[in-house]
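Count the sequence shown with our numbering and you get residues 340 to 449, in order. We treat Cβ as the ideally placed atom computed from N, Cα and C, and that holds for glycine. From a predicted model like this one, the values you see are computed outputs, not experimental measurements. Down below is the structure, laid out as structure tokens.
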Amino acid sequence: MRLQERLDTTNERVDQIAAGLETAKRILGTSLDEAEDRLGEDVDRVRKQVSVLEDQVGAMREGVDALGTRLRALEAAPPPSSSVPGWLLPAVGAVALSSAASWIYMLASG
């Protein structure tokens with residue numbers, strides 16, 4: 340009889356341990372599933388961000404290429420001509436010097 344009681348007690352403990360292990364397994368399984376779902380969402384979000392950044396880099400490269408083309412065109416173009424004819428340059432220079440001298444005199448005497 341005593342042996343039967345021990346066997347019953349041992350069976351009860353084994354059943355309790357098995358139930359605890361099943362519960363732990365369900366909890367861990369659920370936690371792992373949730374972690375996988377979150378990780379998948381994070382990976383998707385990062386992939387979208389990378390895609391946006393790649394698009395931005397592509398747009399920037401196109402802009403740089405366009406600026407390079409414009410720069411090469413400007414470098415190849417002849418220099419702009421002066422809007423003042425050559426024969427008028429001494430007169431423009433004299434007026435500018437006279438005006439500057441007037442301002443200096445006015446400020447110095449002021």
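State the Cα-Cα distance for the pair P419 and L413, rounded to the nearest angstrom.
-> 10 Å
Which stretch, first to last residue, makes up the alpha helix (DSSP H) that contains P429?
-> L428 to S448
By how many angstroms is the C-alpha of Q355 removed from the C-alpha of L346?
-> 14 Å
Ordered along the chain, which non-local residues of its own chain (more than five positions away) have a Cβ less than 8 Å from that of D404?
-> none
First through last residue of the alpha helix (DSSP H) which encompasses G425 = Looking at the DSSP string, G425 is not in any alpha helix (DSSP H), and its letter there is neither H nor E.
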